[in-house]
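Enquirer: A single structure is presented below for examination.
2 protein chains.
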Amino acid sequence: MTASTRLQTTATQEVHLLGRFTPQRAIVLEALIEAEEEDGFVSAQSLHARLLSADLPVGLSTVYRTLSALAEAGRADVVRDMHGERLFRYRPGSDHRHYLICTECGVSLPLDAVAVEKWAAGIARTSGFTAVRHTVELTGICPDCGPSAGGSPQG
Amino acid sequence: MTASTRLQTTATQEVHLLGRFTPQRAIVLEALIEAEEEDGFVSAQSLHARLLSADLPVGLSTVYRTLSALAEAGRADVVRDMHGERLFRYRPGSDHRHYLICTECGVSLPLDAVAVEKWAAGIARTSGFTAVRHTVELTGICPDCGPSAGGSPQG
DNA sequence: CAAGAGTTGGTAATGATTGTCATAATCTAT
DNA sequence: ATAGATTATGACAATCATTACCAACTCTTG
Numbered sequence: 259m260t261a262s263t264r265l266q267t268t269a270t271q272e273v274h275l276l277g278r279f280t281p282q283r284a285i286v287l288e289a290l291i292e293a294e295e296e297d298g299f300v301s302a303q304s305l306h307a308r309l310l311s312a313d314l315p316v317g318l319s320t321v322y323r324t325l326s327a328l329a330e331a332g333r334a335d336v337v338r339d340m341h342g343e344r345l346f347r348y349r350p351g352s353d354h355r356h357y358l359i360c361t362e363c364g365v366s367l368p369l370d371a372v373a374v375e376k377w378a379a380g381i382a383r384t385s386g387f388t389a390v391r392h393t394v395e396l397t398g399i400c401p402d403c404g405p406s407a408g409g410s411p412q413g
Numbered sequence: 259m260t261a262s263t264r265l266q267t268t269a270t271q272e273v274h275l276l277g278r279f280t281p282q283r284a285i286v287l288e289a290l291i292e293a294e295e296e297d298g299f300v301s302a303q304s305l306h307a308r309l310l311s312a313d314l315p316v317g318l319s320t321v322y323r324t325l326s327a328l329a330e331a332g333r334a335d336v337v338r339d340m341h342g343e344r345l346f347r348y349r350p351g352s353d354h355r356h357y358l359i360c361t362e363c364g365v366s367l368p369l370d371a372v373a374v375e376k377w378a379a380g381i382a383r384t385s386g387f388t389a390v391r392h393t394v395e396l397t398g399i400c401p402d403c404g405p406s407a408g409g410s411p412q413g
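Residue numbers (our numbering), protein chains in the order written: chain A, 259 to 413; chain B, 259 to 413.
What follows is the structure, given as structure tokens:
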């Protein structure tokens, strides 16, 4: 069984969570899973462009719909980049995670965020607020993109 | 000295941090300070609309420029709401803060975020990433907007 | 095959934000 | 105070991600 076949199998299984199975949804989900392994978070636009380049002409509307449905179903994490664009990441498990994301290449590193979860839970208890949710994102430059990795060092 | 006069005085002083003094910048900054006391975070669009309603016709471009300059100068915090719109909040001090924001009315509560700062600093040290920055936002429903405050309780 | 529900994808609309540039205001040096 | 240089303003157009719309298409079911 090749890596590609494994991806397709996973995608095929997951697509049924969204409703009717369609080739387009499988393509989008498969591409999202690939992107997760390679680049971390991806935007709907870039994922669409990637599909077009790969001769998989899925409509932009369908890409947006599928990614939104995945996020709604809890199968994808969503963050916003510095321009406000939404970035998606496939989430194999069902727990909510936090990531350290490279601003240069988009690669993401899942974090152990127990300390933050505890802090947020404490705030929720003591503030008088209800339905408290938290957004925690770390961004930085990963070792591969850093100054000593053939980039463009300053100074 | 009235409250209005105090606001104007503060705004006048702060405007000089952005470069040349102009009445428009003073108006925008004053409105931002007022908004901070009343509503917490505000968007550029709503701030602009508010100025028009108050017969202070400052151009939308100028509102955007001034708010961006304030954020750049560290005199305003910026977050994104659920639609990706940028929300600004005047920051009297110079330290970076985190807030618990009510999704209903926009009121914000500054948080003691030492635990998060420490956690983020630790990640920065151990991850190999450089230029690590963090975004931490808590959202919820404040006591005034909660189910027992005349809102629309569910269930 | 026919009907019906759900899906697709091209296109248009939306809405925040940014770019442009002629005009106007502000600062500086005299 | 005034001229000159620099900077800011604001109306408008452009950009861009995202959403809405809708006619054509695809399954499933009888």
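Think of the CB as a built atom: it goes at the ideal place given N, C-alpha and C, for glycine as much as any other residue.
Please report how far the alpha carbon of A334 (chain A) lies from the alpha carbon of D297 (chain A), in whole angstroms.
Expert: Locating residue 334 (chain A) in the first sequence gives position 76, where the first residue counts as 1. Locating residue 297 (chain A) in the first sequence gives position 39, where the first residue counts as 1. Those two C-alpha atoms are separated by around 15 Å.
Enquirer: Would you say G413 (chain B) lies against chain A (beta-carbon separation less than 7 Å)?
Expert: Residue mapping note: residue 413 (chain B) aligns to position 155 of the second sequence, counting from 1. Reliability of the predicted coordinates at G413 (chain B) is poor, the pLDDT of 24 falling under 50, and no value is obtained from them.
Enquirer: For the region 395-402 of chain A and the region 372-392 of chain B, state whether three or more C-beta atom pairs, one from each stretch, are separated by less than 8 Å.
Expert: yes
Enquirer: Just list the beta strand (DSSP E) runs in the region 331-388 of chain B, keeping only unbroken ones of 3 residues or longer that don't cross its boundaries, in chain order.
Expert: 334-338, 344-348, 356-360, 366-369
Enquirer: Check the Cβ of R338 (chain B) against every Cβ in chain A and list those closer than 7 Å, keeping chain order.
Expert: Residue mapping note: residue 338 (chain B) aligns to position 80 of the second sequence, counting from 1. By Cβ distance, chain A contributes R338, G342.
Enquirer: Locate the alpha helix (DSSP H) running through A284 (chain A), then write down its first and last residues.
Expert: Numbered from 1 along the first sequence, position 26 holds the residue referred to as residue 284 (chain A). Per DSSP, A284 (chain A) belongs to the alpha helix (DSSP H) from 281-296.
Enquirer: What is the rounded straight-line gap between the Cα of I285 (chain B) and the Cα of D339 (chain A)?
Expert: The residue you call residue 285 (chain B) lines up with position 27 of the second sequence. The residue you call residue 339 (chain A) lines up with position 81 of the first sequence. Computed Cα separation, rounded: 30 Å.
Enquirer: Hey, is T388 (chain A)'s beta-carbon within less than 7 Å of any beta-carbon in chain B?
Expert: Against the first sequence, residue 388 (chain A) aligns to sequence position 130. Cβ-Cβ to chain B under 7 Å: yes for T388 (chain A).
Enquirer: Please check if any C-beta of chain B sits within less than 7 Å of the C-beta of S385 (chain A).
Expert: For the purposes of this step, residue 385 (chain A) is identified with residue 127 of the first sequence, where counting begins at 1. Answer yes: the Cβ-Cβ gap between S385 (chain A) and chain B drops below 7 Å somewhere.
Enquirer: Go ahead and pull the three-state DSSP assignment for R278 (chain A).
Expert: Within the first sequence, the letter at position 20 stands for residue 278 (chain A). Looking at R278 (chain A) - three-state DSSP - the assignment turns out to be coil, as it is neither helix nor strand.
Enquirer: Between the beta-carbon of G386 (chain B) and the beta-carbon of P368 (chain A), is there less than 7 Å?
Expert: Along the second sequence, read from residue 1 onward, the residue named residue 386 (chain B) stands at position 128. Along the first sequence, read from residue 1 onward, the residue named residue 368 (chain A) stands at position 110. Not in contact: G386 (chain B) and P368 (chain A) (Cβ atoms no closer than 7 Å).
Enquirer: Taking the CB atoms as reference points, tell me whether L325 (chain A) and A302 (chain A) lie closer together than 7 Å.
Expert: Position 67 of the first sequence holds residue 325 (chain A). Position 44 of the first sequence holds residue 302 (chain A). A contact, by the Cβ cut-off of 7 Å.
Enquirer: Can you have a look at G364 (chain B) and say buried or exposed, based on whether 16 or more other CB atoms are within 10 angstroms of its CB?
Expert: Locating residue 364 (chain B) in the second sequence gives position 106, counting from the first residue. A residue is called buried once 16 or more other Cβ atoms fall within 10 Å of its Cβ, and G364 (chain B) is buried on that count.
Enquirer: Can you tell me whether A293 (chain B) is buried or exposed? The criterion is at least 16 other CB atoms within 10 Å of its CB, across all chains shown.
Expert: For the purposes of this step, residue 293 (chain B) is taken as the residue at position 35 of the second sequence. Buried: at least 16 other Cβ atoms inside 10 Å.
Enquirer: When burial is assigned at 16 or more other CB atoms within 10 Å of the CB, is F299 (chain A) buried or exposed?
Expert: Numbered from its first residue, the first sequence carries residue 299 (chain A) at position 41. Answer is buried; the Cβ neighbour count reaches 16.
Enquirer: Let me see if you follow: with CB-CB separation under 7 Å, is I381 (chain A) close to chain B or not?
Expert: Stepping through the first sequence from its first residue, residue 381 (chain A) is reached at position 123. By this cut-off, I381 (chain A) is an interface position.
Enquirer: Between P399 (chain B) and chain A, is there a C-beta pair that is closer than 7 Å?
Expert: Taking the first residue of the second sequence as position 1, residue 399 (chain B) is located at position 141. It should be noted that the sequence gives Ile, not Pro, for residue 399 (chain B). At least one chain A Cβ lies under 7 Å of I399 (chain B).
Enquirer: Does V372 (chain A) have its Cβ less than 7 Å from a Cβ in chain B?
Expert: As a working note, residue 372 (chain A) is residue 114 in the first sequence. No, its Cβ sits nowhere closer than 7 Å to a Cβ of chain B.
Enquirer: Look at the alpha carbon of L345 (chain A) and the alpha carbon of A329 (chain A), and state the distance between them as a whole number of angstroms.
Expert: The residue labelled residue 345 (chain A) in the question sits at position 87 within the first sequence. The residue labelled residue 329 (chain A) in the question sits at position 71 within the first sequence. Going from the Cα of L345 (chain A) to the Cα of A329 (chain A) covers about 11 Å.
Enquirer: Taking the beta carbon of R349 (chain A) as the centre, do at least 16 other beta carbons fall within 10 Å, making it buried, or is it exposed?
Expert: Within the first sequence, the letter at position 91 stands for residue 349 (chain A). By the neighbour-count rule (16 or more Cβ atoms within 10 Å), R349 (chain A) is buried.
Enquirer: Output yes if chain A places a C-beta closer than 7 Å to the C-beta of T393 (chain B); else output no.
Expert: Residue mapping note: residue 393 (chain B) aligns to position 135 of the second sequence, counting from 1. Cβ-Cβ to chain A under 7 Å: yes for T393 (chain B).
Enquirer: Give the DSSP-derived three-state secondary structure of V300 (chain B) in the structure shown.
Expert: By 1-based counting over the second sequence, the position of residue 300 (chain B) is 42. Strand.
Enquirer: Given this structure, state the Cα-to-Cα distance separating V337 (chain A) from G342 (chain B), to the nearest angstrom.
Expert: Residue numbering aside, residue 337 (chain A) sits at position 79 when the first sequence is read from its first letter. Residue numbering aside, residue 342 (chain B) sits at position 84 when the second sequence is read from its first letter. Approximately 10 Å, taken between the alpha carbons.
Enquirer: Is the beta carbon of I399 (chain A) within less than 6 Å of some heavy atom of the ligand ZN?
Expert: As presented, the structure is devoid of all ligands, the ligand ZN included, so that no description of it is given.
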